[in-house]
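Sequential numbering from -5 applies to the sequence shown in our numbering.
Glycine included, each C-beta is placed from N, C-alpha and C at the ideal position.
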Amino acid sequence: MTQLLRRASRRDLRRHRLQSALCALSVALGVGLVLALDIAIESSRRAFELSLAGAQGRATHHIVGGPSGVPETFYAQLRVTHGWSEVAPVVEESVRAVAPAAGVFQLFGIDPLAEARFQRGTSGDDAALGRQLMSIPGGIWMEDSTAAELGLDIGTTMTLRGRGRNFDVTLIQRPVASTDLERRQRERILVCDIATAQELLGRQGYLDRIDVRIDDNAAGRVSQLRELLPPGCELQSVGAEQRTRRAMTDAFLLNLRSLSLLALVVATFLIFNAMTFSVLRRRELFGRLRAIGVSRGQILRLVLGECLGLGVVGTALGIALGIGLGTGLIDVVSASLRDLYFAATVQDVSVSTRGLLVAIGLGLGATLVAGIRPAIEASLIEPRHSLLRSSAESGFVSRWVRTAVALALVAAGCVATMQTNSVIGGYTGLSLLLLGFALATPAFTILCAWLATPLARMLGGAVGVLAVRGVSRHLSRTGVAIAALSLAFSMSLGVGVMIDSFRVTVIDWLGTTLPGDVYVSTRGLVARRGSEVPLPPSFVTACKQAPGVRQVHTNRVTHLREAEGETTIAALGLPDGGPSGLRLMDGSDPAEEWSELIAREEVLISEPFSRRRALSVGDTFELRTDRGKQPFRVAGVFSDYSSDSGYVALPREVYDRWWDDRAVTAIAVFAEEGADVDKLATMLRTAADDHDIRVAPTGSMREGTLEIFDRTFTITRVFRLLAVIVATIGIFSALLAIQLERATEIAILRSHGLTPRRLSRLVLTQTGFLGLIAGLLAIPLGLVFAAVMTLVVNRVSFGWTILLSIDLWLVLETVLWSVGSALVAGLYPARRFAALLPARVLRGE
């Protein structure tokens, strides 16, 4: 009996090869997208962590300072006066190689004599290399395999760009890594003597940090060292710093992973769709098998086995697809991370065992979950009812209506639970909402058919009525197809509305945030870090004194590494009063009370900073200044979309009281009335000389910001495109199955005089109507999806309040895509039925 069942299963799969292949392809696309994003994310993160580990060596703690860094004199005091031998100074900067090679590198200035205990790439026993680094001006070393890859020999001169300037260095050594891990840690790392780095980067007298190595059994040394720290400096553990940096990217990466999982949910519906059709198509066969003694368990195992087989094939294809797609997505994801968080060049594609196991588990798990209900229904078929199609339809309708009502209540309760500070909770609630909408599809289909019948009779006559009523009369077939199609296109619509809403909000924000006529700032390898690099003081003076300039507003952006995480500070130098571009969400208008803010030493905080630190107007929090910890009171909270971690804005006068840093990182230039803004920008570019300074009219700056925005959402748009592809494949599979199963019904219509042309019109009208129902259902579902993603998930993840903006063309596009994909899916059945011979089909009836 088992052999008979297996043979029947294989024969059915062979007879419907196209449908089986499309079902497996749906699984492959879902699994492939999950794995591809995992590969791209982990490869980028791995490259960053390896470069970080290679730079830190065996350091356990870092001593960090304020905006200017750690005074170099304190390092000398630690070693000479206090006898700390396990300390090493570091100057670090991301640089770009200009010639003869190209790429992003991390430049580290070190003290070769202090490196023995840190093993950052130089060996304490290699005295010759240390002497070379200290004695040869501009001398650097680069790991051997990286130098070989770039074609660089010892003695080659490289031109690097960093801190707004070009400088030349000479390759004096190519140390060979002893292990593959060590080689990967040293990739894209340049090391030079600390004095050389200070001179090249303009950091004389200051260090970026001091690395410290403290053994686990000497924990008391930590408190001793903290007592020695000068005001403005802080001791941080390496592990805490790594967790802080990793936390910066977690929300961004979690959203990408969650979107990929939602794509797999769509694939699950499509599998459920295909397996349901498979059971309905063989209802009579299962009844006969039960009549000759096949048990319910054997039928159940048969259907689940078929489903698992499709899952295995689809998962295998998905893994291959995911590896290939992930390799292509690495550049997209790493570019987004570079724009938002850190600079790292991805050299290797990381396909983790965990990622593969997750992909396999999701693929097989999704197919089994999708096949459980069809398998149970197949096992419950009674032989005496197997030929009664009407009983199956009536039972199907009643079950689906009851389930839709029950899950609608669950979805309504879920809306309230999504108002928590949990991204996982938001996505869970969203998934339940999608499921509730999908289960309400049969009731919506019946309503649409009832409303469309008069119009179908008016426009299409009997053929139109047959087409419309056929959709609602075969709900066991059409209901699942409409649910799967509407779910896929609703996700596409939801993602599109979310991106458009964010873009409209950012455009509106940029219209008031960037003041002045010309904006001047430094460039950075990481967009959020570029504003930290100071402008040359001579250039700042030139901007103020340039002909045609009425006044300038200055800004100093810096980042403080604190125990609570990184804090960004913006010191605003506004000679004519408070900022007029800030959109205040709470508190008094700073433009009217700027002098009071200066007198009271109060600050403004952005919305993301307010949410992450749980601060509101009137609250007080501490910042690490060059005079020690200082409390500041919050005077207002303003909207901002430049950083997901947020920042603190304060008057330049207050900043100068508590920090010794006098640098300027950005300037807003206001032109005199009637002055030519383009000529003024050209003149300032000339004054910038060879420094890496960006001078552009404010309109160009807005365009540049939007370019970064669009690049950041490239991966989301790729997801949206893949969701549309999955939906198109799924509806083709579903409608193909629906129409081919109706061969007997079509043959009867043909034998009663329905011409091939009218038959084709019947099939296309019905498939088009089915696609129209799915498209209409996708509109409210997609808008709910967009609302939850925009107002709940993004707000919890990034702290931004985004205004929901609905583009009517995007809504119309969703309906057109749905109807179009349905019509394309109906072309093949329509052509096949037009050539159908009724006598051949009805011969066995």
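Straight-line gap, residue i to residue j (C-alpha atoms, nearest Å)
i: residue 16; j: residue 499; result: 40 Å
i: residue 688; j: residue 562; result: 21 Å
i: residue 53; j: residue 581; result: 44 Å
i: residue 554; j: residue 805; result: 45 Å
i: residue 118; j: residue 640; result: Low confidence applies here, because residue 118 scores a pLDDT of 42, under 50, leaving its location unreliable; read the following figure in that light. Computed Cα separation, rounded: 42 Å.
i: residue 849; j: residue 462; result: Nothing in the structure corresponds to residue 849, since the chain is present only between -5 and 839.
i: residue 310; j: residue 300; result: 16 Å
i: residue 547; j: residue 564; result: 12 Å
i: residue 665; j: residue 170; result: 56 Å
i: residue 323; j: residue 483; result: 23 Å
i: residue 754; j: residue 694; result: 55 Å
i: residue 790; j: residue 608; result: 12 Å
i: residue 863; j: residue 638; result: Outside the displayed range of the chain (-5 to 839) lies residue 863, so it cannot be described from this structure.
i: residue 643; j: residue 507; result: 13 Å
i: residue 768; j: residue 815; result: 11 Å
i: residue 469; j: residue 436; result: 7 Å
i: residue 626; j: residue 216; result: 28 Å
i: residue 27; j: residue 304; result: 18 Å
i: residue 12; j: residue 556; result: 59 Å
i: residue 509; j: residue 577; result: 13 Å
Status (buried if at least 16 other CB within 10 Å, exposed otherwise) for residue i
i: residue 531; result: exposed
i: residue 289; result: exposed
i: residue 148; result: exposed
i: residue 286; result: exposed
i: residue 56; result: buried
i: residue 444; result: exposed
i: residue 749; result: exposed
i: residue 205; result: buried
i: residue 760; result: buried
i: residue 740; result: buried
i: residue 511; result: buried
Spatially closest choice to residue i from the options, by CA coordinates
i: residue 425; options: 373, 459, 462 and 481; result: 481
i: residue 784; options: 0, 229, 300 and 490; result: 490
i: residue 692; options: 81, 655 and 675; result: 675
i: residue 764; options: 439, 281 and 634; result: 439
i: residue 800; options: 780, 606 and 814; result: 780
i: residue 347; options: 802, 29 and 817; result: 29
i: residue 743; options: 832, 715 and 823; result: 832
i: residue 163; options: 176, 648, 171 and 90; result: 90
i: residue 19; options: 315, 161 and 160; result: 315
i: residue 136; options: 130, 157, 160 and 101; result: 101
i: residue 579; options: 223, 229, 66 and 503; result: 503
i: residue 650; options: 586, 619, 746 and 218; result: 619
i: residue 283; options: 570, 21, 3 and 542; result: 3
i: residue 173; options: 432, 819, 166 and 139; result: 139
i: residue 363; options: 298, 797, 495 and 697; result: 298
i: residue 681; options: 655, 550 and 540; result: 540
i: residue 61; options: 757, 672, 231 and 617; result: 617
i: residue 317; options: 25, 654, 9 and 5; result: 25
i: residue 106; options: 622, 145 and 128; result: 128
i: residue 77; options: 21, 218, 479 and 672; result: 218
i: residue 701; options: 672, 786, 497 and 677; result: 497
i: residue 712; options: 6, -3 and 23; result: 23
In DSSP terms, what residue i is bridged to
i: residue 553; result: 562
i: residue 625; result: 616
i: residue 65; result: 200
i: residue 662; result: 513 and 547
i: residue 86; result: 102
i: residue 160; result: 155
*asked:* Across the segment 805 to 812 and the segment 771 to 778, are there enough close Cβ pairs to call them in contact, namely three or more that are closer than 8 Å?
replied: yes
*Is the number of C-beta pairs between the segment 62 to 76 and the segment 141 to 155 that are closer than 8 Å three or more?*
no
_Measuring CB atoms only, is the segment 195 to 203 touching the segment 27 to 36, in the sense that at least three cross pairs come out at less than 8 Å?_
no
_Three CB pairs or more closer than 8 Å across the segment 658 to 677 and the segment 608 to 624_ = no
_Three-pair Cβ contact test at 8 Å for the segment 350 to 358 versus the segment 279 to 297_ = no
*Touching or not, the segment 177 to 197 and the segment 82 to 89, by the rule of three or more beta carbon pairs under 8 Å?*
yes
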